[in-house]
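Just below is one structure, and these are the notes that go with it.
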Amino acid sequence: MGDLDVILCAGQSNMLLGGVGDASLAPTPDPSLAFTFDGTSVVPLVANGGAHPSFAQTYNCLTRRAVLLVPAAVGSSSQSSISDLGAGNWDITGTLFGLALTKLNAALVAAATAGWTTHYLGVWWAQGETDADYADTY
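Under our numbering, the first residue of the sequence shown is numbered 131, with each subsequent residue one higher.
If you want it as structure tokens, here you go:
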């Protein structure tokens, strides 16, 4: 199938794959160049209310490479255990980082099984307001 650049999408609700914006305003990514992981398979990324379609489309235009965005964000999560209100945290004491790595590894296996040569690039992170009230404690 070719080369596939892989980016783990993590953090809080602003990074959720569906987003909260108007999907009708989102660009439609090229289905041969922009992908996501549905928990089982690598599938084309569709226009949604999040930043993902715009990111993928811009990435494709600038690099001329296919990209796989692996969703691992958790709404209302926090970076620190101190500010964890019940949705989990990304701290070393939390479980979200491990779960994200499990999703990433499953996506890499699914992509390789589909014939892609994967290149893991890193994490695209967006954190929201859950931690704001606890900024002085970090």
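Virtual Cβ for every residue (Gly too), placed ideally from N, Cα, C.
Inter-residue CB distance, Leu251 and Asp135 (contact presumed, cutoff 8 Å): 5 Å
Cutoff 7 Å; reference Leu175; Cβ partners in own chain excluding five residues on either side: Pro159, Ala164, Phe165, Thr166, His182, Pro183, Ala186 and Leu199
Contact belief for Gly216 with Leu146 at Cβ below 8 Å, rounded distance in angstroms: In fact, because the Cβ distance is near 17 Å, the residues do not count as touching under 8 Å.
Residues bridged to Trp255 [DSSP beta-bridge criterion]: Ala140
Nearest-angstrom Cα separation, counted from Gly258 out to Ile137: 19 Å
Gly218 (DSSP reduced to helix, strand or coil): coil
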